[in-house]
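In what follows, a structure is listed as structure tokens, so that the remarks can point back to it.
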Amino acid sequence: MMTTDHDDWPTSAPVTVPDARTWMTDLSAWFCTGTEAVDAVSEFLRATPGAPIAVDTETRGLGAEAYYIKCVTAAWETSDGTVSVLLDPRDPLGRSTIQALLNQATGLLVLHNAPFDVPPMVFRGLLNLESIDRVWDTKVAGSMGYTLKEDSKSL
Numbered sequence: 090m091m092t093t094d095h096d097d098w099p100t101s102a103p104v105t106v107p108d109a110r111t112w113m114t115d116l117s118a119w120f121c122t123g124t125e126a127v128d129a130v131s132e133f134l135r136a137t138p139g140a141p142i143a144v145d146t147e148t149r150g151l152g153a154e155a156y157y158i159k160c161v162t163a164a165w166e167t168s169d170g171t172v173s174v175l176l177d178p179r180d181p182l183g184r185s186t187i188q189a190l191l192n193q194a195t196g197l198l199v200l201h202n203a204p205f206d207v208p209p210m211v212f213r214g215l216l217n218l219e220s221i222d223r224v225w226d227t228k229v230a231g232s233m234g235y236t237l238k239e240d241s242k243s244l
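Just so it is clear: in the sequence shown, position 149 is 238 by our numbering, and no numbers are missing.
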């Protein structure tokens, strides 16, 4: 089944994931999917909305294919360890949860190579233009640090 979510661009159907909250001992992290991910985001927004959030997208590829977002992952620190969520923007509940997390939280949104992730998230209505001011790109920060002379400092 194909659906559309912007300008009649087809996207694949949402993937059903288990409702799971799993403690990963080696990472000291909770990994949440399905309704457990939705609950984790709700708890984050209630308890610590100003904390930084690491964000990444998985897409069908590069170029125009980058605008077909298959999932958004996010993670943040809590007193109980790191919480990581996987949300499907093609699912209505996943989509509204991503929108709430990215646009209602007030802390930094930490991405690596934000020029890849941000335009598709804005295009798909997941990230508001007003929230872009909170984006922190680790690729930019990393290029500003001292590295070997052979390494390029260009972006």
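Backbone N, C-alpha and C fix where the C-beta goes; we use that ideal spot for every residue, glycine too.
Length of the line joining the Cα atoms of residue i and residue j
i, j, result
"G214", "T162", "16 Å"
"F212", "E154", "13 Å"
"T111", "S131", "17 Å"
"T124", "T105", "11 Å"
"A189", "V199", "16 Å"
"L191", "S220", "7 Å"
Own chain residues within Cβ distance below 8 Å of residue i, not counting five before or after
i, result
"D169", "W119"
"A109", "F120, C121, T122, G123, E125"
Same chain, Cβ closer than 6 Å to residue i, neighbours up to 5 away in sequence not counted
i, result
"K228", "H201, N202"
"A164", "A143, T171, S173"
Candidates the options, of which the one nearest residue i by Cα
i, options, result
"P178", "A126, L116, T114", "A126"
"K159", "V207, R149, I221", "R149"
"T167", "S117, D206, L218", "S117"
Identified DSSP bridge partners for residue i
i, result
"D108", "Note: D108 sits in no beta bridge, so no partner."
**Start-end ranges of the alpha helix (DSSP H) lying completely within the region 175-236, minimum 4 residues** = 181-193, 203-212, 227-233
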